[in-house]
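Protein chains: 2
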Amino acid sequence: MKKAPPPTPKLSDVARLAGVGNATVSRVLNGRMHVSEETNRRVKQAIHDLSYSPNRIARSLKGATSGMIGMIVPSISDMFFSQCAEAVESVARENGSLLIVMASHDDPSIEFENLQLLLIHRIDGLILASAQTRNTKLHEKLSGLTVPVVGLDRPLREANIPSVISENRKGAKAATEHLLLHGYGKVLCIHIKPELYPIQERLHGYVEAMHEAGLEPLLYKAENAADAEACIKKHIDSEKGTIAVFAANNLAARFTWEALRMLHLAIPSQVAMLCFDDFDLADSLTPPMSVVQQTIDDLGRTAAELLFRRMRGQTEGVPQSNNDPLRLPTQLVIRESCGCHLTMDTTH
Amino acid sequence: MKKAPPPTPKLSDVARLAGVGNATVSRVLNGRMHVSEETNRRVKQAIHDLSYSPNRIARSLKGATSGMIGMIVPSISDMFFSQCAEAVESVARENGSLLIVMASHDDPSIEFENLQLLLIHRIDGLILASAQTRNTKLHEKLSGLTVPVVGLDRPLREANIPSVISENRKGAKAATEHLLLHGYGKVLCIHIKPELYPIQERLHGYVEAMHEAGLEPLLYKAENAADAEACIKKHIDSEKGTIAVFAANNLAARFTWEALRMLHLAIPSQVAMLCFDDFDLADSLTPPMSVVQQTIDDLGRTAAELLFRRMRGQTEGVPQSNNDPLRLPTQLVIRESCGCHLTMDTTH
DNA sequence: TTGAAAGCGCTAACAA
DNA sequence: TTGTTAGCGCTTTCAA
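Protein chains in written order, with the UniProt record's numbering: chain C, 1 to 348; chain L, 1 to 348.
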């Protein structure tokens with residue numbers, strides 16, 4: 001039994017219909033160089049009549065590019081990364097590329113496999129939010145790669161790959177200083193996953209601010225609300241004045257938030273708080289949460305644009321020293337949890 | 001000037017090194033049929049030595065499959081869709097496929113372009129959360145397609161394409177009935193984007209429950225918190241007893257939430273509320289929000305599995321009538337905003 | 001300005 | 001069990 005005639009016309013079909021050679025069709029397809037007005041018209045007509053669209057796979061095989069870039073992130077559903085992905089997809093589209101996303105689930109071996117898969121599919125470039133900063137096997141592989149790679153959120157120093165990240169240290173420092181300015185007796189820093197580079201940077205920023213204020217840093221790792229509760233309790237007990245908490249990320253903020261509720265402590269009158277990373281309902285909470293905001297879209301966009309520049313072989317705009325990540329500014333968004341309205345008069 | 005020798009070895013390199021023919025290498029590559037143990041070993045060795053990996057593009061050209069599926073969603077960064085995407089990527093990976101995601105931004109023409117792009121890249125299948133239920137041009141195109149398509153969250157009836165969605169109607173009905181059970185004098189339904197199929201279904205569910213209770217449905221479309229405020233104010237004024245609000249989705253819930261705060265109305269004692277779609281901080285709010293929960297992972301997984309089954313040509317497990325979407329159950333998650341703890345004794 | 005022809009890296013008949 | 005060969009649909013010299 002014969003198959004139905006393949007419903008997808010090929011280039012040669014167009015050529016035949018237009019009464020020209022294959023090469024000519026190819027020419028009008030990729031920006032007509034040296035094609036007469038008349039021929040051009042005829043070919044376009046034929047393309048239209050057959051509603052022909054070129055087979056990108058065949059084109060890719062010929063050596064050029066695949067028209068696809070890859071992106072490996074720890075989690076696709078994570079708000080941060082999905083926002084990045086949206087921005088990357090957008091830039092990819094502007095550059096005529098498709099985006100393949102893969103989740104590593106923070107597992108170095110899955111991450112490595114993902115990389116292999118993407119390479120087999122001949123992606124033209126890769127955006128990588130690596131599962132870990134140190135992953136020798138991965139870095140080795142990356143160093144030997146011919147396709148451009150750009151790091152996102154987590155730098156890839158050893159592999160000599162440019163990265164785009166937020167000003168985590170500066171942002172955290174500014175946040176801490178802001179809390180300090182309110183004159184709180186103690187500013188704790190509650191964090192999770194201190195092994196992640198962005199978190200490390202935030203902790204540095206916090207410590208720096210504390211030191212400059214002549215204060216002892218009070219770092220606490222919290223894996224859940226109970227942990228957060230424990231450390232807050234400890235400090236609220238031994239202290240008359242209001243204390244403050246700088247939560248190093250969303251999740252830490254959440255734990256802190258729940259802890260404060262358990263302890264029936266009022267925000268900000270008894271415990272002020274400020275956290276890194278904005279989130280959806282931050283300003284619908286009671287009180288609205290003051291945060292350090294990353295411009296996530298910009299992170300994604302910038303990384304993608306850098307990638308495409310490198311894919312074109314351009315070097316301008318690429319960070320001077322490959323080892324120094326491009327750092328995008330953060331913004332302190334003051335709402336109410338930091339206690340600004342309480343201390344408004346004291347600042348005057 | 002000569003290029004550096006192409007760093008990517010090809011199949012023929014492996015063949016030469018192993019001292020065998022191309023076909024043999026190809027055979028061991030795709031599950032050795034009729035390859036001697038010895039040859040198999042030699043080829044494997046050569047593959048390893050060259051750290052060769054086959055070029056998926058060349059393979060695809062030969063006609064088989066591209067090893068990629070596409071997914072078009074209104075927004076990649078939307079929590080719902082990014083969770084779906086994560087599940088789909090996971091299933092794709094299990095089936096040896098990569099996932100290309102594209103955002104339509106709810107624009108039918110972008111959606112259509114995206115579809116074209118994906119087809120040009122010869123995807124093997126498509127998961128589509130369509131921008132609109134009625135998109136004649138799109139449906140026409142879809143009907144003529146040879147690659148399998150599965151609808152997600154929004155059915156594609158006219159194109160005769162199977163879809164996977166939540167039990168929106170049932171879930172909304174259950175939620176409304178739950179509120180009704182508390183004996184509130186009025187149950188409003190605040191919604192947005194009633195043109196979307198899932199929302200429509202939820203509104204139907206709400207209306208059904210109201211009718212069955214002999215009550216007049218009170219539907220209000222709110223585009224912002226002020227709209228929500230207006231309609232609540234209207235009903236709280238004319239009524240002594242507690243009223244309740246069923247918010248048809250996240251955003252409507254948010255508007256309602258903000259409205260209630262503006263009006264200094266206590267939840268649930270003055271206004272009870274329940275919303276469709278769980279969200280991140282739902283149980284960290286004061287009071288924690290009762291919700292109708294969709295099993296988003298399941299939606300994504302189910303859609304993807306259905307797609308792969310169809311790609312394999314299997315028909316079992318594919319919904320009997322193509323016109324009837326596969327509906328996945330929702331779950332009523334009772335927290336505090338619906339007023340359960342207030343009425344606990346009255347229910348006995 | 002155009003067309004013929006030689007591949008891109010792989011798979012799948014068909015022979016051996 | 002193996003190797004040879006002919007393409008997949010396109011781009012790209014090279015001549016005409």
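Each residue gets a CB set at the ideal place from its N, CA and C atoms; glycine is no exception.
For the beta strand (DSSP E) holding residue i, just list the boundary residues, first then last.
| i | result |
| --- | --- |
| residue 241 of chain L | That residue, residue 241 of chain L, is in no beta strand (DSSP E); it is neither H nor E in DSSP. |
| residue 290 of chain C | 290–294 |
| residue 125 of chain C | 125–128 |
| residue 206 of chain L | That residue, residue 206 of chain L, is in no beta strand (DSSP E); its alpha helix (DSSP H) goes 197–212. |
| residue 327 of chain C | 326–328 |
| residue 48 of chain C | Per DSSP, residue 48 of chain C belongs to no beta strand (DSSP E); it is in the alpha helix (DSSP H), 37–50. |
| residue 33 of chain L | No beta strand (DSSP E) holds residue 33 of chain L; DSSP gives it neither H nor E. |
| residue 161 of chain L | Looking at the DSSP string, residue 161 of chain L is not in any beta strand (DSSP E), and its letter there is neither H nor E. |
| residue 103 of chain L | 98–103 |
| residue 187 of chain L | 186–191 |
| residue 147 of chain C | Per DSSP, residue 147 of chain C belongs to no beta strand (DSSP E) and is neither H nor E. |
| residue 282 of chain L | Here residue 282 of chain L belongs to no beta strand (DSSP E), and DSSP marks it neither H nor E. |
| residue 70 of chain L | 68–73 |
| residue 219 of chain C | 218–221 |
Does the Cβ-Cβ distance between residue i and residue j come in under 8 Å?
| i | j | result |
| --- | --- | --- |
| residue 102 of chain L | residue 89 of chain C | yes |
| residue 206 of chain L | residue 172 of chain L | yes |
| residue 255 of chain C | residue 225 of chain C | yes |
| residue 69 of chain C | residue 299 of chain C | no |
| residue 303 of chain C | residue 276 of chain C | no |
| residue 150 of chain C | residue 123 of chain C | no |
| residue 129 of chain L | residue 72 of chain L | yes |
| residue 273 of chain C | residue 228 of chain C | no |
| residue 14 of chain C | residue 39 of chain C | no |
| residue 98 of chain L | residue 144 of chain L | no |
| residue 53 of chain L | residue 138 of chain C | no |
Under 8 Å between beta-carbons, which chain C residues line up against residue i? List them in chain order, please.
| i | result |
| --- | --- |
| residue 116 of chain L | 53 |
| residue 120 of chain L | 53, 54, 55, 56 |
| residue 103 of chain L | 86, 89, 90 |
| residue 72 of chain L | Residues of chain C passing the Cβ test: none, with the nearest at roughly 11 Å. |
| residue 258 of chain L | 284 |
Could you give the first and the last residue of the continuous alpha helix (DSSP H) run that contains residue i?
| i | result |
| --- | --- |
| residue 176 of chain L | 168–181 |
| residue 24 of chain C | 22–29 |
| residue 83 of chain C | 79–94 |
| residue 262 of chain C | 250–262 |
| residue 421 of chain C | Beyond the ends of chain C as shown, which are 1 and 348, falls residue 421 of chain C; an answer cannot be given. |
| residue 131 of chain L | Careful: residue 131 of chain L lies outside any alpha helix (DSSP H) and carries neither H nor E. |
| residue 112 of chain L | 108–120 |
| residue 61 of chain C | 56–61 |
Hey, out of the options, whose CA is closest to residue i's CA?
| i | options | result |
| --- | --- | --- |
| residue 163 of chain L | L:140, L:175, L:198, L:190 | L:198 |
| residue 62 of chain L | C:65, C:55, C:336, C:67 | C:55 |
| residue 288 of chain C | C:128, C:113, C:153, C:253 | C:253 |
| residue 44 of chain C | C:29, C:57, C:34, C:266 | C:29 |
| residue 166 of chain L | L:148, L:36, L:327, L:46 | L:327 |
| residue 330 of chain L | L:151, L:338, L:297 | L:297 |
| residue 368 of chain L | L:74, L:261, L:168, L:233 | The structure shown has nothing for residue 368 of chain L, since chain L only spans 1 to 348. |
| residue 265 of chain C | C:235, C:341, C:109 | C:235 |
| residue 74 of chain C | C:285, C:152, C:190, C:96 | C:152 |
| residue 325 of chain L | L:31, L:168, L:113 | L:168 |
| residue 125 of chain L | L:201, L:137, L:96, L:188 | L:96 |
| residue 25 of chain L | L:8, L:9, L:47 | L:47 |
| residue 154 of chain C | C:195, C:177, C:140, C:92 | C:195 |
| residue 293 of chain C | C:305, C:80, C:10, C:214 | C:80 |
| residue 284 of chain L | C:310, C:312, C:251, C:212 | C:251 |
| residue 157 of chain C | C:295, C:132, C:177, C:335 | C:132 |
| residue 278 of chain L | L:249, L:257, L:270 | L:249 |
| residue 309 of chain L | L:91, L:174, L:218, L:119 | L:91 |
| residue 221 of chain L | L:193, L:208, L:204 | L:193 |
If the cut is a Cβ gap below 7 Å, which residues of chain C does residue i touch?
| i | result |
| --- | --- |
| residue 99 of chain L | 100, 101 |
| residue 76 of chain L | 82, 85, 86, 89 |
| residue 61 of chain L | 57, 58, 61 |
For residue i, return the contacting residues in chain L, with the cut-off set at a CB-CB distance below 9 Å.
| i | result |
| --- | --- |
| residue 254 of chain C | 280, 281, 284 |
| residue 305 of chain C | The contacting residues do not exist; residue 305 of chain C stays about 17 Å from chain L at best. |
Can you pull the chain L residues whose beta carbon is under 8 Å from the beta carbon of residue i, in chain order?
| i | result |
| --- | --- |
| residue 67 of chain C | 121 |
| residue 201 of chain C | Residues of chain L passing the Cβ test: none, with the nearest at roughly 24 Å. |
How would you list, in chain order, the residues of chain C whose beta-carbon sits under 9 Å from the beta-carbon of residue i?
| i | result |
| --- | --- |
| residue 79 of chain L | 77, 79, 82, 280 |
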